[in-house]
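K.L.:
In my numbering, the protein residues as written are 1 to 553.
Quick one: this structure, given as C-alpha cells, is what I'll be asking you about.
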C-alpha cells in the first residue's frame, strides 16, 4: 500500500511508517483532568477512528456512527433506516450464526445497543476489557459483510413494530411525532421515522416490493466508510488499539459518497403562525415554541445558539422565567437548538401552571418581549465571556461516563466540522466572540416566524387524531389579538439582561494528598437540638465540586 491510497486527508495527518493508516500529528485538545490518552487515525478507506487508552477501566467499548438516518427513508418505506439498524446484527459472513455477537457479549459481562436519529445511526457495545479484541472483530464484520439473514426479516419487523407499540403511550414520542406533523409535509423531517408493520410490511407488499431487497439497496447506497466514524476505548496501548482497528476495519467498503444534507428548513411560511392544542397522556400543562434557525454546525467557535439559550433559559432576576413565576404562570423553562445536517430549529419549552395556561397568549408575548430586548441591546461581550468561562469549567471537570456512552457520544461528535485536534473539545468550548454571528442568529427568533404548541389534558373539542400515535389535537391559526400584540411588542420593565454572575469560581485548588484508605461515610460535625450537620470529604476523585443537601422538618 502506498501513500497515494490516502485521499482527502485533512490537515496535520501523517502517514504511518507501515503506510497502513494516517495519524493526526498534532496533540488532541483534552481537559487537564482527563487521565486517558487519545490518538486519531484515518484508514485508507477514509474511515476515521478515535482510539482511547484508559489504564483504569474494567470495561471496554467501541461505537460506530454512520452519517445517515431516517431523513433518508424513502417516502414509501418510512422507518427503513431504523429497520436496517435492527437487521444489520443478524449474522455476518465471518460469524454467520445470528446470535453469536449477543450471546458472547452476555457471557462476557457486556451489552450492545443502537439508535437511529434523523441524520445519524449509532451502534455501540461495552464488554469486560479482556474481551475487546474478539468483540471488536465481530462488531467490524457488521459493516463489512452483514448477511441481513432472510430468515430474520419477519422477526425483526415484529421487533420494530413492538418497539413502536411500546412508545404509543409515551408523551415524549407523541410530541416528537406531533412536531413532525407541524412541519412542511414535503420535507423528509415530517416523516414517521420509527416504522411499524404498516410501513415496513403491509405497504411494501401492496406496492409489490420485497422489504429485504429495499433494505439491501438502502444499505448499499449509504453505508460507506467515508461517512463513518469509529471510537474505541480500551485498556490496551494506543499502538495495540491502532493495530486492531487497521486490521479489522480497513475492509469496510468506501463508496465515496457525500454526506446527505437537507438545506431547506422544514418550517416554511405555510407552517408558521399556527397554534396546535394537544392532549397528552400525563397531566401536564406545557407551552412549546418552535422557530426556524440557521444551521449552527460551522459556527462552533462562537456557538450563537449556546449564547442565546444561556439568556433565554436564564432563571435569575430579569429573566422570562422570573417574570412568569412572579405572576404565578410557570414552574420551569428551557431553551435550546435542534441541529440536523443543513438546518436548525430553536425550541423554547415552558412548564405552565393552570393560570399560566389560561394566559398563554400573554406568556408568548413575554417571551418575545425578552427576545426583543436582546435584539435591541445586541450581543454583549460580558455575557459571552461568562458562557465561555462556564463552558470551560464544565469541560475541565467533566466526570467520566460509562465507556459505551462516552464512545457513542464521541463517534457522533466526530462528524462535526471541527479541526480534528478539537474532536473532544469542539462542541464544549467557545473560542471567539463574534457579535455579528450572534446578532444574525438572534434575528432568526422573530415574533412573526414560529409555531405554538399547547399541551394539556384539560383541552376539549379536539377534532383530529395524529396518524401514528393517535394523539388528539386541534390546529388553528394564531388569534388576531396575539398577532397584533406581537406586531406591537413593547419593552417590559421586569425583563433585562442578567447581572454579572458572582459565583463563577476561579480557584479550583483541592489540596490533594495521597490517602491510603478513602473514607466511606460522612462525619457528624455538628449535633444540636435543632440541627445535625454531616460532612463527607471527596478524598477519592478530588474534584472541586460540592453537593449540598438540606432536609427541613
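Think of the CB as a built atom: it goes at the ideal place given N, C-alpha and C, for glycine as much as any other residue.
Does the separation of the CB atoms of residue 20 and residue 44 fall below 9 Å?
P.N.:
Result yes, Cβ atoms of residue 20 and residue 44 sit closer than 9 Å.
K.L.:
With H, G and I counted as helix, E and B as strand and the rest as coil, what does DSSP make of residue 484?
P.N.:
Helix at residue 484.
K.L.:
How about the region 314-333 and the region 444-460: do they share at least three Cβ pairs that are nearer than 8 Å?
P.N.:
No, because fewer than three Cβ pairs between the region 314-333 and the region 444-460 fall closer than 8 Å, the two stretches do not touch.
K.L.:
Which partner residues does residue 452 have in the DSSP bridge list?
P.N.:
DSSP lists 275, 289 as partners of residue 452.
K.L.:
Assuming residue 147 contacts residue 93 (C-beta within less than 8 Å), just tell me the rounded distance between them.
P.N.:
Sure, about 7 Å apart at Cβ, within 8 Å.
K.L.:
Along the chain, which unbroken stretches of the alpha helix (DSSP H) at least 4 residues long are found entirely within the region 324-394?
P.N.:
Listed in chain order, they are 354-358, 360-377.
K.L.:
Going by the CB atoms, is the gap between residue 231 and residue 249 shorter than 9 Å?
P.N.:
No.
K.L.:
Between residue 354 and residue 438, what straight-line distance do the alpha-carbon atoms span, to the nearest angstrom?
P.N.:
In a straight line, the C-alpha of residue 354 is about 35 Å away from that of residue 438.
K.L.:
Beta carbon of residue 132, beta carbon of residue 195: below 9 Å?
P.N.:
Cβ distance not < 9 Å, so residue 132 and residue 195 don't count as in contact.
K.L.:
Starting from the N-terminal side, write out each stretch of the beta strand (DSSP E) that is 3 residues or longer and does not extend beyond the region 121-202.
P.N.:
Runs of the beta strand (DSSP E) inside the region 121-202: 121-128.
K.L.:
For residue 234, name the three-state secondary structure that DSSP assigns.
P.N.:
Note: residue 234 maps to strand in three-state DSSP.
K.L.:
Quick check: what's the CA-CA separation for residue 368 versus residue 448?
P.N.:
Going from the Cα of residue 368 to the Cα of residue 448 covers about 10 Å.
K.L.:
What are the boundary residues of the beta strand (DSSP E) that residue 477 is part of?
P.N.:
First-last of the beta strand (DSSP E) with residue 477: 472-477.
K.L.:
So, does the CB of residue 265 fall closer than 9 Å to a CB anywhere in chain C?
P.N.:
Given the protein chain composition of this structure (a single chain), no chain C is represented.
K.L.:
Note the first and the last residue of the continuous beta strand (DSSP E) segment covering residue 525.
P.N.:
Segment 523-527, the beta strand (DSSP E) holding residue 525.
K.L.:
From residue 537 to residue 543, what distance separates their C-alpha atoms?
P.N.:
Approximately 10 Å between the Cα atoms of the pair.
K.L.:
Could you tell me whether the region 29-36 touches the region 376-390, where touching means 3 or more Cβ pairs closer than 8 Å?
P.N.:
Touching, no.
K.L.:
Here's a check: name, in chain order, each residue in its chain whose Cβ is nearer than 7 Å to the Cβ of residue 9, leaving out the five neighbours to either side.
P.N.:
Hits under 7 Å: 22, 42.
K.L.:
Would you decide whether residue 425 is buried or exposed? Buried here means 16 or more other CB atoms lie within 10 Å of its CB.
P.N.:
Its Cβ being crowded by 16 or more others within 10 Å, residue 425 is buried.
K.L.:
Which whole-angstrom value describes the C-beta separation of residue 363 and residue 324, a residue pair presumed to lie in contact below a C-beta threshold of 8 Å?
P.N.:
Yes, they are in contact, since the Cβ atoms of residue 363 and residue 324 sit about 6 Å apart, within 8 Å.
K.L.:
Here's the rule: buried if 16 or more other CB atoms are within 10 angstroms of the residue's CB, otherwise exposed. What is residue 210?
P.N.:
With fewer than 16 other Cβ atoms within 10 Å, it is exposed.
K.L.:
What's the call for residue 201, buried or exposed, on a 16-neighbour Cβ count within 10 Å?
P.N.:
With 16 or more other Cβ atoms within 10 Å, it is buried.
K.L.:
Run the CB neighbour count on residue 193, radius 10 Å, all protein chains shown included, and call it buried at 16 or more, exposed below.
P.N.:
Residue 193 should be labelled buried.
K.L.:
From residue 471 to residue 462, what does the alpha carbon distance come to, in whole angstroms?
P.N.:
Approximately 10 Å, taken between the alpha carbons.
K.L.:
By the 10 Å Cβ neighbour count, where 16 or more other Cβ atoms means buried, how is residue 532 classified, buried or exposed?
P.N.:
That one is exposed.
K.L.:
Taking all protein chains shown into account, do 16 or more other C-beta atoms lie within 10 angstroms of the C-beta of residue 585, making it buried, or fewer, making it exposed?
P.N.:
Absent from the structure is residue 585, since the part of the chain shown begins at 1 and ends at 553.
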